[in-house]
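Have a look at the structure below, then the notes.
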Amino acid sequence: MPKLKFPQSQKVVQQIKHYMPGGVHYNFRYSGKETIIPFNKGKGSRVWDLDGNEHLDLFCKFGALIVGHCNEEYNARLNDYTTKVLSVDQCDLEGLVCEKIIHHVPSAEMVRFGLSGTESIQNAIRLARAYTGKPKFVRFQGHYHGNADNIMGGKPLSADYPAPVDYEGDFLGTDGRAPNILQDQSFLLPWNDSVALEKLLSERASEIGVVIMEPICINGGGILPVPGYLEKVRELCDRYNVVLIFDEVITGFRVALGGAQSQLGVTPDITVFGKALAGGSLPMSAIVGKKEIMQLYVDQKVIHAGTFNGYPLGLAAVLATIELIENDVSCYERMGNYLLQIGQSLVDAAKNVGMPMVVQGVPNVLIFHSQETPVSSPGDYNDTTKLRDILITRICKDYGIQFSKISRFYSNLMMNDTDVSFFQERIQEAIAESQRISGIF
Ligand code: PMP
Numbered sequence: 012m013p014k015l016k017f018p019q020s021q022k023v024v025q026q027i028k029h030y031m032p033g034g035v036h037y038n039f040r041y042s043g044k045e046t047i048i049p050f051n052k053g054k055g056s057r058v059w060d061l062d063g064n065e066h067l068d069l070f071c072k073f074g075a076l077i078v079g080h081c082n083e084e085y086n087a088r089l090n091d092y093t094t095k096v097l098s099v100d101q102c103d104l105e106g107l108v109c110e111k112i113i114h115h116v117p118s119a120e121m122v123r124f125g126l127s128g129t130e131s132i133q134n135a136i137r138l139a140r141a142y143t144g145k146p147k148f149v150r151f152q153g154h155y156h157g158n159a160d161n162i163m164g165g166k167p168l169s170a171d172y173p174a175p176v177d178y179e180g181d182f183l184g185t186d187g188r189a190p191n192i193l194q195d196q197s198f199l200l201p202w203n204d205s206v207a208l209e210k211l212l213s214e215r216a217s218e219i220g221v222v223i224m225e226p227i228c229i230n231g232g233g234i235l236p237v238p239g240y241l242e243k244v245r246e247l248c249d250r251y252n253v254v255l256i257f258d259e260v261i262t263g264f265r266v267a268l269g270g271a272q273s274q275l276g277v278t279p280d281i282t283v284f285g286k287a288l289a290g291g292s293l294p295m296s297a298i299v300g301k302k303e304i305m306q307l308y309v310d311q312k313v314i315h316a317g318t319f320n321g322y323p324l325g326l327a328a329v330l331a332t333i334e335l336i337e338n339d340v341s342c343y344e345r346m347g348n349y350l351l352q353i354g355q356s357l358v359d360a361a362k363n364v365g366m367p368m369v370v371q372g373v374p375n376v377l378i379f380h381s382q383e384t385p386v387s388s389p390g391d392y393n394d395t396t397k398l399r400d401i402l403i404t405r406i407c408k409d410y411g412i413q414f415s416k417i418s419r420f421y422s423n424l425m426m427n428d429t430d431v432s433f434f435q436e437r438i439q440e441a442i443a444e445s446q447r448i449s450g451i452f
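12 is the number of the first residue of the sequence shown in my numbering; add one for each residue after it.
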């Protein structure tokens with residue numbers, strides 16, 4: 012397949028760069044050089060750019076888009092609701108939507124809605140601090156919980172005092188951060204290491220009220236918890252009066268309607284959902300948890316606010332997403348199979364040109380790494396591999412394959428056989444070019 016050309020897109024992008032910093036809506040330190048491609052049409056797993064080129068969308072809006080583009084049933088449900096009411100504080104959907112979430116998610120006894128993952132994580136931490144009366148939280152290397160000052164980047168000061176500090180060259184480091192906020196609020200530990208957690212909690216339980224983690228570490232490279240780890244974390248949190256928060260912003264609804272927790276068999280005290288919760292085209296997040304913790308909202312002890320919290324169209328989108336998935340009983344298996352075939356084709360293409368390549372993760376969230384062996388700990392997912400993965404992601408765009416940032420790829424309900432063949436027809440040349448350009452593989 013020849014490389015795509017984007018003259019019209021590039022013209023538009025040059026223009027918007029005058030108005031939008033970098034011509035984009037977000038940035039991390041390792042992005043900035045990629046081709047920016049605006050789209051004006053989507054169907055299923057495909058999107059079309061302003062030059063009429065067709066692309067396979069494995070990016071799925073950072074994993075949020077689980078229903079697929081222009082999913083007719085989903086869109087019809089949203090259109091229907093637009094004729095009812097769009098801008099009120101409460102509508103007729105709260106009860107039904109909450110009941111569905113509570114039915115599916117093991118940790119959900121009560122539900123509060125928000126808009127973004129970042130915001131609901133911060134609110135969940137506030138809630139947990141209030142519940143335990145203890146100010147600090149523990150997070151883990153390679154896990155990402157949004158772009159707030161207190162929770163992004165850094166590295167532990169020392170093994171004995173693992174408070175995170177800013178360091179030169181941190182991809183997630185940022186100028187303008189409130190001084191000392193990382194070390195004042197949190198500790199940063201290696202994940203999958205219950206000894207490290209036990210040591211820290213035994214020494215500092217009086218100041219630590221919260222442990223937060225991705226139950227499957229997608230942001231650290233697609234790593235599963237080792238057997239027994241989550242159970243041990245649960246036990247330690249109970250022993251030391253610490254609230255356990257699972258950040259299921261990626262895994263929620265994508266791995267299962269009950270989230271990763273429903274598969275892993277360990278129930279946190281609070282869970283945060285985002286991204287795929289509302290299907291992928293409307294922003295919705297949720298904090299769900301135990302009644303006695305959520306009671307702090309009822310008692311007005313903890314503030315949770317937001318102008319658009321629980322907006323009707325967002326609730327309609329959550330309900331539509333849940334029902335689409337409920338009515339499509341084998342959807343996770345079907346989507347997962349397509350994605351695994353795509354992953355295998357990538358590995359085969361790399362093998363053909365002698366490039367190291369592994370694909371890991373869970374069936375509906377896969378991640379590739381251009382290295383010989385799977386990433387086994389988030390700390391091992393080093394910046395060199397990340398940069399190589401980003402280069403491949405970038406080059407694939409020129410061949411009509413859209414991966415997500417940092418080499419992730421996601422499925423959607425509308426995925427089919429033709430998506431696999433579309434990928435297979437393009438990936439070999441894209442990988443051969445990546446190999447040629449990099450010269451470092
Ligand atoms: N938690 C996780 C695990 C995430 O991956 C993300 C976003 N990538 C967030 C939280 C933040 O969500 P948002 O971008 O909606 O603020």
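Backbone N, C-alpha and C define an ideal beta-carbon position, used for all residues, glycine too.
Helix, strand or coil at residue i according to DSSP, with G and I counted as helix
i, result
"Phe-452", "Since pLDDT at Phe-452 reaches only 45, below the 50 mark, its modelled position is unreliable, and the value read off the structure follows with that caveat. Residue state, collapsed to three classes: coil."
"Asp-382", "For clarity, residue 382 is Gln in the given sequence; the question names Asp instead. Gln-382 falls in the coil class under three-state DSSP."
"Val-78", "coil"
"Met-346", "helix"
"Phe-148", "strand"
"Glu-334", "helix"
"Glu-65", "strand"
"Lys-362", "helix"
"Lys-14", "coil"
"Phe-50", "strand"
"Tyr-412", "Sequence check: residue 412 is Ile here, not Tyr. Ile-412 falls in the strand class under three-state DSSP."
"Leu-293", "coil"
"Val-309", "helix"
"Val-376", "strand"
"Asn-134", "helix"
Beta strand (DSSP E) segment containing residue i, residue limits
i, result
"Gln-371", "369 to 373"
"Val-58", "57 to 60"
"Val-221", "219 to 224"
"Val-299", "296 to 300"
Sequence-distant residues of the same chain with beta carbon closer than 7 Å to residue i, five excluded per side
i, result
"Glu-65", "Arg-57, Trp-59, Gly-411"
"Val-364", "Ile-442, Ala-443, Gln-446"
"Leu-255", "Val-222, Val-244, Arg-245, Cys-248, Pro-279, Asp-280"
"Phe-452", "Any answer about Phe-452 is weak, because its pLDDT of 45 lies below 50 and its placement is not dependable; what the coordinates show is given next. Cβ within range, chain order: Met-366, Pro-367, Ser-381, Arg-399, Gln-446."
"Leu-351", "Pro-374"
"Thr-404", "Phe-414, Ser-418"
Distance cut-off 7 Å: residue i Cβ against heavy atoms of the ligand PMP
i, result
"His-36", "no"
"Asn-132", "Looking at the sequence shown, residue 132 is not Asn but Ile. Because some heavy atom of the ligand PMP lies under 7 Å away, the Cβ of Ile-132 counts as near it: yes."
"Ile-261", "yes"
"Ser-127", "yes"
"Phe-284", "no"
"Gly-325", "no"
"Asn-230", "yes"
"Phe-151", "no"
"Asp-400", "no"
"His-156", "yes"
"Pro-160", "Reading the sequence as shown, one finds Asp at residue 160 and not Pro. Asp-160 Cβ: outside cutoff for every heavy atom of the ligand PMP."
Own chain partners of residue i with C-beta closer than 8 Å, once the 5 adjacent residues on each side are dropped
i, result
"Thr-143", "Gly-220, Val-221, Asn-252, Val-253, Val-254"
"Asp-62", "Leu-15, Lys-16, Phe-17, Pro-18, Gln-19, Ser-20"
"Ser-127", "Gly-157, Gly-285, Pro-294, Ser-296"
"Asn-320", "Arg-123, Phe-124, Gly-125, Leu-126"
Delimiting residues of the alpha helix (DSSP H) encompassing residue i
i, result
"Ser-422", "Ser-422 -> no alpha helix (DSSP H), and no H or E assigned at all."
"Lys-397", "394 to 408"
"Leu-199", "Not the alpha helix (DSSP H): Leu-199 falls in the beta strand (DSSP E), residues 197 to 200."
Proximal residues to residue i (C-beta, below 6 Å), its chain only, five neighbours per side dropped
i, result
"Met-346", "Asn-375, Ser-422, Met-426"
Q: Kindly provide the ranges of any beta strand (DSSP E) runs that are 3 or more residues long and lie completely inside the stretch 207 to 291, ordered along the chain.
A: 219 to 224, 254 to 259, 281 to 284
(Q) I'd like the ranges of any alpha helix (DSSP H) spanning at least 4 consecutive residues and lying wholly in the stretch 87 to 131. (A) 105 to 115
Q: Could you name each continuous beta strand (DSSP E) segment of 3 residues or more that falls completely within the stretch 153 to 182, going from the start of the chain to the end?
A: Counting only runs of 3 or more, we get nothing.
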